[in-house]
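Protein chains in written order, with our numbering: chain A, 1308 to 1559; chain B, 1308 to 1559; chain C, 1308 to 1559.
Built from N, CA and C at the ideal position, the CB exists for glycine as well.
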Amino acid sequence: MAIITLTTDFGTRDGYVGAVKGVLLRLAEDAVVIDIAHDIPPGDIAHAAWVVATSTHEFPYGSIHLVIVDPGVGGARREVIAKSSAQWYIGPDNGVFAYVADASDEAWAIESRTFRGRRVSPTFHGRDLFAHAAAALARGEPATDAGPPVRLTGTLPWGPRAAGRGRVVHVDRYGNLITDLPASEAGEAVSIDGNTLQVLRTYVDVPPNTLLAYVGSMNTIEIAVRDGRADTRLDAPRGTPVVPVPVVGPYR
Amino acid sequence: MAIITLTTDFGTRDGYVGAVKGVLLRLAEDAVVIDIAHDIPPGDIAHAAWVVATSTHEFPYGSIHLVIVDPGVGGARREVIAKSSAQWYIGPDNGVFAYVADASDEAWAIESRTFRGRRVSPTFHGRDLFAHAAAALARGEPATDAGPPVRLTGTLPWGPRAAGRGRVVHVDRYGNLITDLPASEAGEAVSIDGNTLQVLRTYVDVPPNTLLAYVGSMNTIEIAVRDGRADTRLDAPRGTPVVPVPVVGPYR
Amino acid sequence: MAIITLTTDFGTRDGYVGAVKGVLLRLAEDAVVIDIAHDIPPGDIAHAAWVVATSTHEFPYGSIHLVIVDPGVGGARREVIAKSSAQWYIGPDNGVFAYVADASDEAWAIESRTFRGRRVSPTFHGRDLFAHAAAALARGEPATDAGPPVRLTGTLPWGPRAAGRGRVVHVDRYGNLITDLPASEAGEAVSIDGNTLQVLRTYVDVPPNTLLAYVGSMNTIEIAVRDGRADTRLDAPRGTPVVPVPVVGPYR
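Printed below as a string of structure tokens:
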């Protein structure tokens, strides 16, 4: 039994998700297919990368994670299988794996007939290529048979983080602003978009409708409004800096 | 094989659903994970309660229903396992179980190490606590090991229903207004927002674009517009009264 | 083990999907339930028909496809099981199967007690009738026991296609316009809404934000805007004609 997860921007109103699942179940009959998310904003590689980072490492070792957010489908980006932290990742090497795998991880191009369909539509690699590769892995075919080893090159629009500084890297369904500033570097308060916010524990530590910072479920600083949305309260889209600030106050 | 269902307000664009599924499959490898609904409006406990009421009792006895709509996460509401009508319910005791379980049902606080993760993020109990409890039950751990017995206290914003009267308790995807007025108390016609509507059988009993009342799939009165939306036609949000009215007409 | 897929307009915020899944797993415990799509626009039969056409044929032979988009529920349309291309289809005979099955395929009315619930809500045949029929098939009950053989009569709003001409038949999540003009009839360029577009290979063959035509994943002509939406760029709703045009240019 192999677990195959799906993270796509296919939405939940078309036949694309179904076509991929059909191929998986046709070619790997024992596979257990698990939906992670299909409403990634169309073509939003950075959004997909964060979703992958926050979910896939929870699965059992050896799970196969299909990630298909691929605005350059049919173009020059490479189709790859990567292995990282005992998880398998399959998709376009366009940055969707940026938080979970990099050039130091084992990866293979998907080129052999066993790992891709006979006819590959230039606009639907999810169905005709990536699903075939996932099913092949699920059946126990060795990844080394997929194609030559390669190095992952996909990156995200923002550069590497500088120590002691963070950026908003994701805005979630609730309008919470997720940053990449580790809790360990944040100290007692942070500044974002001109606001200084003490780092608290959870939403109920402030009155309703109040902005707060806290250590989120990825151990980085998050910004939220209790029972409200931080993304509309602040002008702080992805990429916005978040920095620790010293706090000198009566409570110390 | 244990069935674990998921009802959340996590949406379908973030990694939260995936993280919970990953924990479930890692800790209970034979579990079958079933999505009920993830687009519960954020923090809408009453909405979640209705979804739970209309779906979970259809599952085989012994199914485990995870319900995670938890605006007070990290605060004072209790984390519980409840058993009712041979179904297991796991989630915050904040009202999400109001239609399916109450103080007369067996329930346990989730306190033991076997039923919760070692480190629990104060903002993501779904991943770090409730998923662990569901997996423990799925593996066959007795609920009595979760923690001390407790009584459910969660309630919904509206009070108990008075006999012979109902309220709109849910507005569904189609804009239908679902009430808690039992068909048996409705008689032949009902009044809502100044409209008197004969209780009919189904949508096609009226011309397109026409308002109608009928006995819905939960055996309560529902209000709809054929091929249209009742929620925009009427000014009748949740809580709006619906009452039976005597009908004296030529058809009697 | 039987695969049962679900294509509905139930959305992902109510209990309807869960109720159907509960019945399936209660009555056919070995069934593997697979979501295809639940965000079909409410009552949009033609949309559902395209989703079914683009996904179900990828599944293993013998899969059972439940399709519940049923604005006439409780009315005169027939409830059917159809068999086509070694796939099973269950739903209302209202046109949702128009692209995958027709009067030449075997079909049966769903009338027997084994294939429908004891009490059938006139507004929720998905739960009380179609799910029962799918579970019966999944358990191995012969379709001939469902009821008398019938001929499918459901059709779509647009008539049969004339040779050498196509229509927009679907608008997908990305705003791409999917047509039924086969690639083999399209030649090198097509005209839609006053635009003449060369038929290219994939999105990256044009600069960002540019309109293009290409052979889509169903081997018909599709119209898209690279990194944008064709449905808002053109005035070309479903039913809009797409015709091949001769191209005489310097590149020939």
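Integer-rounded CB distance, given that residue j should sit under 8 Å from residue i
{"i": "Leu1484 of chain A", "j": "Asp1538 of chain A", "result": "6 Å"}
{"i": "Phe1366 of chain C", "j": "Ile1417 of chain C", "result": "Between Ile1417 of chain C and Phe1366 of chain C the Cβ distance is about 21 Å, and since that is not below 8 Å, they are no contact."}
{"i": "Ala1493 of chain B", "j": "Val1476 of chain B", "result": "Actually they do not touch by this definition, with Cβ atoms about 15 Å apart."}
{"i": "Arg1442 of chain B", "j": "Leu1334 of chain B", "result": "The amino acid occupying residue 1442 of chain B in the given sequence is Ala; Arg does not appear at that position. About 4 Å separates the two Cβ atoms, so the contact holds."}
{"i": "Gly1381 of chain C", "j": "Val1511 of chain B", "result": "6 Å"}
{"i": "Thr1569 of chain A", "j": "Thr1361 of chain B", "result": "Outside the shown range of chain A, which is 1308 to 1559, sits residue 1569 of chain A, and nothing can be said about it."}
beta-carbon residue i near the ligand FAD non-hydrogen atom, thresh 6 Å
{"i": "Arg1426 of chain B", "result": "No copy of the ligand FAD occurs in the structure displayed, which carries no ligand at all."}
Own chain, CB closer than 6 Å to residue i, minus 5 neighbours either side, in chain order
{"i": "Ser1498 of chain A", "result": "Val1550, Val1552"}
{"i": "Asp1500 of chain B", "result": "Leu1541, Asp1542, Ala1543"}
{"i": "Thr1315 of chain A", "result": "His1345, Ile1375"}
{"i": "Val1513 of chain B", "result": "Leu1519, Arg1533"}
{"i": "Val1403 of chain A", "result": "Ile1352, Ala1355, Ala1356, Val1374, Val1376"}
{"i": "Pro1378 of chain C", "result": "Gly1350"}
{"i": "Ala1438 of chain B", "result": "Val1327, Val1330, Leu1331"}
{"i": "Arg1446 of chain A", "result": "Ala1335"}
{"i": "Ala1490 of chain A", "result": "Val1522, Asn1526"}
{"i": "Arg1559 of chain A", "result": "For Arg1559 of chain A, the predicted structure reports a pLDDT of 41, less than 50, and the residue's modelled location is therefore unreliable. A value from the coordinates is still provided. Taken in chain order, the list of residues that qualify is empty."}
When the options are compared against residue i, the one with the closest alpha-carbon
{"i": "Arg1540 of chain A", "options": "A:Val1407, A:Pro1489, A:Tyr1481", "result": "A:Tyr1481"}
{"i": "Leu1459 of chain C", "options": "C:Ala1410, C:Pro1489, C:Val1513, C:Met1525", "result": "C:Ala1410"}
{"i": "Ala1470 of chain B", "options": "B:Val1478, B:Pro1464, B:Asp1487", "result": "B:Asp1487"}
{"i": "His1372 of chain B", "options": "B:Lys1390, B:Gly1424, B:Arg1384, B:Gly1381", "result": "B:Lys1390"}
{"i": "Ile1352 of chain C", "options": "C:Gln1394, C:Asn1401, C:Asn1526, C:Val1407", "result": "C:Asn1401"}
{"i": "Asp1542 of chain C", "options": "C:Ala1493, C:Val1522, C:Asn1502, C:Val1427", "result": "C:Asn1502"}
{"i": "Thr1319 of chain A", "options": "C:Ala1355, C:Ala1338, C:Gly1329", "result": "C:Ala1355"}
{"i": "Met1525 of chain C", "options": "C:Tyr1406, C:Arg1420, C:Leu1444, C:Thr1315", "result": "C:Tyr1406"}
{"i": "Leu1504 of chain C", "options": "C:Val1403, C:Asp1512, C:Ala1443, C:Leu1518", "result": "C:Leu1518"}
{"i": "Leu1436 of chain B", "options": "B:Ile1347, B:Pro1449, B:Phe1422", "result": "B:Phe1422"}
{"i": "Ser1370 of chain C", "options": "C:Trp1395, C:Arg1385, C:Pro1348", "result": "C:Trp1395"}
{"i": "Ser1419 of chain B", "options": "B:Ala1408, B:Pro1449, B:Gly1329", "result": "B:Pro1449"}
{"i": "Ala1383 of chain A", "options": "A:Gly1461, A:Leu1444, A:Ala1408", "result": "A:Gly1461"}
{"i": "Arg1472 of chain A", "options": "A:Val1358, A:Leu1444, A:Pro1548", "result": "A:Pro1548"}
Same chain only: Cβ atoms within 8 Å of residue i, ignoring 5 sequence neighbours per side
{"i": "Phe1317 of chain B", "result": "Tyr1323, Val1324, Val1327, His1345, Ile1375, Gly1433"}
{"i": "Arg1339 of chain A", "result": "According to the sequence as given, residue 1339 of chain A is Val; it is not Arg. So the list reads Met1308, Ala1309, Ile1310, Ile1311, once near-sequence residues are dropped."}
Whole-angstrom distance between residue j and residue i, CA atom to CA atom
{"i": "Leu1313 of chain A", "j": "Ile1530 of chain A", "result": "28 Å"}
{"i": "Ala1414 of chain C", "j": "Thr1451 of chain C", "result": "9 Å"}
{"i": "Ser1392 of chain B", "j": "His1364 of chain B", "result": "8 Å"}
{"i": "Arg1425 of chain B", "j": "Ser1428 of chain C", "result": "47 Å"}
{"i": "Pro1456 of chain B", "j": "Ile1341 of chain C", "result": "37 Å"}
{"i": "Gly1546 of chain A", "j": "Pro1515 of chain A", "result": "27 Å"}
{"i": "Pro1348 of chain C", "j": "Asp1479 of chain C", "result": "11 Å"}
{"i": "Arg1474 of chain B", "j": "Thr1527 of chain C", "result": "51 Å"}
{"i": "Leu1463 of chain B", "j": "Ile1343 of chain B", "result": "21 Å"}
{"i": "Pro1467 of chain B", "j": "Arg1536 of chain B", "result": "28 Å"}
{"i": "Gly1350 of chain A", "j": "Glu1386 of chain A", "result": "16 Å"}
{"i": "Trp1465 of chain C", "j": "Tyr1521 of chain C", "result": "23 Å"}
{"i": "Tyr1368 of chain B", "j": "Asp1337 of chain B", "result": "17 Å"}
{"i": "Ala1408 of chain C", "j": "Val1359 of chain C", "result": "11 Å"}
{"i": "Pro1399 of chain B", "j": "Leu1444 of chain A", "result": "39 Å"}
Residues near residue i by beta carbon distance below 7 Å, same chain, minus five either side
{"i": "Asp1321 of chain C", "result": "none"}
{"i": "Gly1523 of chain A", "result": "Ile1485, Glu1529"}
{"i": "Ala1440 of chain B", "result": "Ile1388, Ile1397, Ile1417, Phe1422, Arg1423, Ala1453"}
Residue-chain proximity (residue i, chain F), Cβ-Cβ < 7 Å
{"i": "Pro1348 of chain B", "result": "Chain labels in this structure do not include chain F; the protein chains are A, B and C."}
Kindly provide the ranges of any alpha helix (DSSP H) runs that are 4 or more residues long and lie completely inside the segment 1391–1466 of chain B, ordered along the chain.
-> 1438–1446
Where are the beta strand (DSSP E) runs, 3 residues long or more, that stay fully inside the segment 1459–1534 of chain A, in chain order?
-> 1473–1478, 1484–1489, 1496–1499, 1502–1507, 1518–1522, 1527–1532
Taking only runs that begin and end inside the segment 1317–1389 of chain C, name each unbroken alpha helix (DSSP H) of 4 or more residues, in chain order.
-> 1323–1334, 1352–1362
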